[in-house]
Amino acid sequence: MNLDVSNKDFCLFLLTQFPFAANDEQEIMLSDYIPEHFQMPSDAWWEELTGTTAEPWNGYTYQQSLNKDVTFYAEFHPEETIYFFNDTYLGNTGGHFHLSLLSWKELTTIVSNAGNNASLFFLLLPLTIGNASERANIAHTISQRLLQTSLQPDKERLVAITQFLTRHVIFDEEEQNIFAYKEKIGLTTIRNHSERNAQHSNESLIAINELIRLATL
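According to our numbering, the stretch in the sequence shown is residues 32 to 248, in order.
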């Protein structure tokens, strides 16, 4: 199976993995918008990608070496995508989603260092937090990345999907978009659904921050 943005079916699947991607004015989620505007992958294709059962699971895994120390994995399950750096859990998109891990700078650094892979960008984007001061850059980058995919959206769809994805990254409550630096620990967030949540143990925060640091080298 071609797990790349040159595969339109895979692109459409990726766009269903953003649980915060909403248009608040129209009260619609990206996961609802996409089926209304694109021909979705067949059930057979979807089941081949994710497998048909949680246990035993027989879906596909995306693998991308980031550098000599860190490899990124995304496991595609029937009800969720689960993310790892090496064998360390980063988060998931399921009903009990756990995302909000990387800063925008960390995301762009990782993708740039790994060869500017558009597939990697859209796989890591669900895990990313941006802030209001970065909004213009985030929206522009997302728009340009969408144009690198096989979706080839027209202007109206490009603007709409860009807005959805930017909304996923930047919450309306600005305090939710800020990473705080904790001495001897590293970056933390107040978002509950994050491996960097400030309430986690110092040991676990130090470990995840060190792994993210290695991923950006």
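All residues carry an ideal CB built from backbone N, CA and C; glycine is no exception. None of the values given here were measured: they were computed from a predicted structure.
DSSP bridge partner residues for residue i (one or two, in chain order)
i, result
"Lys213", "Gly217"
"Glu106", "Thr92, Ile113"
"Ser164", "According to DSSP, Ser164 bridges with nothing at all."
"Glu208", "Note on identity: in this sequence residue 208 is Asn, with Glu being the wrong assignment. Per DSSP, none; premise fails for Asn208."
"Ala273", "Beyond the ends of the chain as shown, which are 32 and 248, falls residue 273; an answer cannot be given."
"Thr247", "Per DSSP, none; premise fails for Thr247."
"Asn233", "Its beta-bridge partners do not exist; DSSP assigns none."
"Thr119", "Phe116"
"Asn223", "According to DSSP, Asn223 bridges with nothing at all."
"Leu228", "Looking at the sequence itself, residue 228 is Asn, so the reference to Leu does not match. Asn228 is bridged to Thr220."
Alpha carbon of residue i to alpha carbon of residue j, nearest angstrom
i, j, result
"Thr42", "Gln183", "Thr is not the amino acid found at residue 42; the sequence shown has Cys there. Cα to Cα, Cys42 sits roughly 11 Å from Gln183."
"His231", "Leu130", "14 Å"
"Phe202", "Thr124", "17 Å"
"Glu78", "Gln48", "16 Å"
"Phe51", "Glu137", "20 Å"
"Asn223", "Asn117", "23 Å"
"Glu187", "Asn233", "46 Å"
"Phe69", "Asp55", "21 Å"
"Ala105", "Gly82", "14 Å"
"Thr84", "Phe128", "19 Å"
"Phe195", "Ile59", "9 Å"
"Ser251", "Leu80", "The structure shown has nothing for residue 251, since the chain only spans 32 to 248."
"Glu214", "Ala229", "12 Å"
"Leu45", "Tyr212", "31 Å"
"Ala53", "Leu154", "18 Å"
"Asp185", "Leu121", "34 Å"
"Leu178", "Asn168", "16 Å"
"Thr92", "Gln57", "35 Å"
"His171", "Thr140", "16 Å"
Nearest-angstrom Cβ-Cβ length linking residue i and residue j, presumed shorter than 8 Å
i, j, result
"Asp40", "Trp76", "5 Å"
"Leu61", "Tyr114", "That pair is no contact at about 18 Å."
"Leu236", "Val101", "Contact doesn't hold; Cβ gap of about 18 Å is too wide."
"Asn162", "Asn208", "4 Å"
"Tyr64", "Ala191", "7 Å"
"Arg176", "Ala145", "At roughly 14 Å, the Cβ-Cβ gap does not stay under 8 Å, so Arg176 and Ala145 are not in contact."
"Ser225", "Leu132", "6 Å"
"Thr193", "Ile173", "5 Å"
"Thr197", "Arg166", "7 Å"
"Gln95", "Phe103", "5 Å"
"Ala189", "Asn98", "The sequence as given places Leu at residue 189; Ala does not occur at that position. Their Cβ separation, rounded to whole angstroms, is 32 Å, which puts Leu189 and Asn98 out of contact at 8 Å."
Residues near residue i in its chain [Cβ-Cβ closer than 8 Å; skip 5 each side]
i, result
"Tyr210", "Per the sequence shown, the amino acid found at residue 210 is Phe instead of Tyr. Counting only Cβ-Cβ distances below 8 Å, and skipping sequence neighbours, we find Ser134, Ile160, Leu218, Thr219, Thr220, Arg227."
"Asn147", "none"
"Glu205", "Asn162, Ala163"
"Leu156", "Phe49, Leu138, Ile173, Leu196, His199, Val200"
"Thr119", "Ala238, Ile239, Leu242"
"Ser181", "Val36, Ser37, Asn38, Lys39, Cys42"
Cut-off 7 Å between Cβ atoms - residues of its own chain near residue i, not counting five sequence neighbours on either side
i, result
"Ala238", "none"
"Asn33", "Phe41"
"Asp35", "Phe41, Ser150"
Near the ligand MN: residue i beta-carbon under 6 Å from a heavy atom
i, result
"Leu151", "As for the ligand MN, it is missing from this structure, which has no ligand bound."
Sequence-distant residues of the same chain with beta carbon closer than 6 Å to residue i, five excluded per side
i, result
"Pro66", "none"
"Val142", "Leu151, Phe152"
"Glu111", "Asn123, Thr124, Gly125"
Query raised in the report: In chain order, which beta strand (DSSP E) runs of at least 3 residues are fully inside the stretch 60-99?
Result: 92-96
Report task. Run through the stretch 126-192 for me and flag every whole alpha helix (DSSP H) of 4 or more residues, listed as ranges in chain order. Result -> 135-144, 149-155, 166-178
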